[in-house]
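Since the structure comes first, as structure tokens, the remarks are kept for the end.
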Amino acid sequence: MLEISDLQVEIEGKKILDDIFLEIKPGEIHVLMGPNGSGKSTLAKALMGHPDIGVKRGKIILDGEDITKSPPDERAKKGLFLAFQYPVEVPGVNLANFLRIARNSLLPKEKRIPVFKFRELLRKKLAFLDLEENFMERNLNEGFSGGEKKKTEILQLLVLTPKYAILDETDSGLDIDSLKTVFESFNKILKNEKKMGVLIITHYKKIFDYIKPDFVHVLKNGVICENGKMDIVKKIEKQGYR
Numbered sequence: 233m234l235e236i237s238d239l240q241v242e243i244e245g246k247k248i249l250d251d252i253f254l255e256i257k258p259g260e261i262h263v264l265m266g267p268n269g270s271g272k273s274t275l276a277k278a279l280m281g282h283p284d285i286g287v288k289r290g291k292i293i294l295d296g297e298d299i300t301k302s303p304p305d306e307r308a309k310k311g312l313f314l315a316f317q318y319p320v321e322v323p324g325v326n327l328a329n330f331l332r333i334a335r336n337s338l339l340p341k342e343k344r345i346p347v348f349k350f351r352e353l354l355r356k357k358l359a360f361l362d363l364e365e366n367f368m369e370r371n372l373n374e375g376f377s378g379g380e381k382k383k384t385e386i387l388q389l390l391v392l393t394p395k396y397a398i399l400d401e402t403d404s405g406l407d408i409d410s411l412k413t414v415f416e417s418f419n420k421i422l423k424n425e426k427k428m429g430v431l432i433i434t435h436y437k438k439i440f441d442y443i444k445p446d447f448v449h450v451l452k453n454g455v456i457c458e459n460g461k462m463d464i465v466k467k468i469e470k471q472g473y474r
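Just so you know, we're using my numbering here: the sequence shown kicks off at 233 and counts up by one.
Spelled out as structure tokens, the structure:
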């Protein structure tokens with residue numbers, strides 16, 4: 233279970249999040265909604281240990297282990313994954329090589345996958361997501377469209393198979409066709425990885441055409457002010473975040 237307990241977060245001395253409590257069990261899908269500037273992306277960065285985020289109080293517990301002070305790479309090795317809202321272009325870094333190195337960093341030395349076997353594995357993952365094989369030959373997000381960058385984030389998730397996945401506004405900037413492709417692909421992963429716990433951060437209701445969450449939470453002014461299920465989404469549709 234991923235547990236967030238009494239979390240208070242500051243950036244450059246300014247309090248952004250306060251009294252955050254959240255529990256995500258294996259196999260559960262949670263959606264976090266809220267207006268712009270409410271602290272949603274800050275929470276995602278705090279969970280992954282971003283160095284600019286100051287945790288002033290509270291704990292982040294991953295499967296019984298306190299990771300509040302762990303660096304991002306240790307959190308990733310323990311099974312935490314973040315799909316970025318704005319994936320960064322990395323010129324000169326081949327996507328297939330990046331994914332192989334990332335995957336092998338999670339494995340003991342004796343189980344690491346050599347180049348040719350990994351490329352064979354990656355072809356299967358690309359086919360699973362209905363992506364073209366030429367993705368393997370491209371550099372990491374270099375020259376990618378917004379939709380392609382988000383598809384690459386989902387591909388990384390599939391290759392790394394984390395215990396808990398955080399999707400930080402993966403739906404933002406996508407046209408309707410790309411949104412459908414990305415979240416239909418994500419649904420395929422969830423059906424294959426039934427024990428994966430998921431936190432989807434969004435403020436668009438369109439993703440509910442593709443994702444059926446177990447729980448919905450509303451973050452406003454740095455505080456989770458409401459918890460529930462799809463009834464919350466219907467309330468937001470009618471009255472906004474007032």
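Every residue gets a Cβ at the ideal spot worked out from N, C-alpha and C, and that includes glycine.
- Pairing residue 283 with residue 337, the inter-Cα distance amounts to about 21 Å.
- Listed in chain order, the beta strand (DSSP E) elements of length 3 or more contained wholly in the segment 300 to 347 are 312 to 315.
- DSSP places residue 270 outside both helix and strand once states are collapsed to three, so it counts as coil.
- In the DSSP annotation of this structure, residue 296 is not part of any alpha helix (DSSP H), being labelled neither H nor E.
- By the neighbour-count criterion, in which 16 or more other beta carbons inside 10 Å mark a residue as buried, residue 332 falls on the buried side.
- For the segment 356 to 440, the full-length beta strand (DSSP E) segments reaching 3 residues or more read 396 to 400, 429 to 433 along the chain.
- Rounded to whole angstroms, the Cβ separation of residue 403 and residue 411 is 6 Å, and the two are in contact under 8 Å.
- Assignment of residue 260 by DSSP, reduced to helix, strand and coil, places it in the coil class.
- Taking C-beta atoms under 8 Å as the contact rule, residue 241 and residue 285 qualify, at a distance of about 6 Å.
- Just measuring C-alpha positions, the residue of 396, 453, 422, 456 sitting nearest residue 443 is 422.
- When rounded, the separation of the alpha-carbon atoms in residue 351 and residue 280 is 28 Å.
- Residue 474 carries a coil assignment under DSSP once its states are collapsed to helix, strand and coil.
- By the Cβ neighbour-count rule, residue 361 is buried, with 16 or more other Cβ atoms within 10 Å of its own.
- With respect to the 7 Å criterion, residue 264 and residue 252 are not classified as neighbours on the basis of their beta carbons.
- Under the three-state reduction of DSSP output, residue 285 falls in the coil class, being neither helix nor strand.
- When the five nearest sequence neighbours on each side are left out, the beta carbons in the same chain lying within less than 8 Å of the beta carbon of residue 455 are those of 249, 250, 251, 252, in order along the chain.
- Around the C-beta of residue 334, fewer than 16 other C-beta atoms lie within 10 Å, and the residue is accordingly described as exposed.
- By the Cβ neighbour-count rule, residue 272 is buried, with 16 or more other Cβ atoms within 10 Å of its own.
- Residue 469 counts as exposed, since fewer than 16 other C-beta atoms from the protein chains shown sit within 10 angstroms of its C-beta.
- A contact is defined here as three or more CB-CB pairs under 8 Å, and the segment 373 to 383 fails this definition with respect to the segment 295 to 313.
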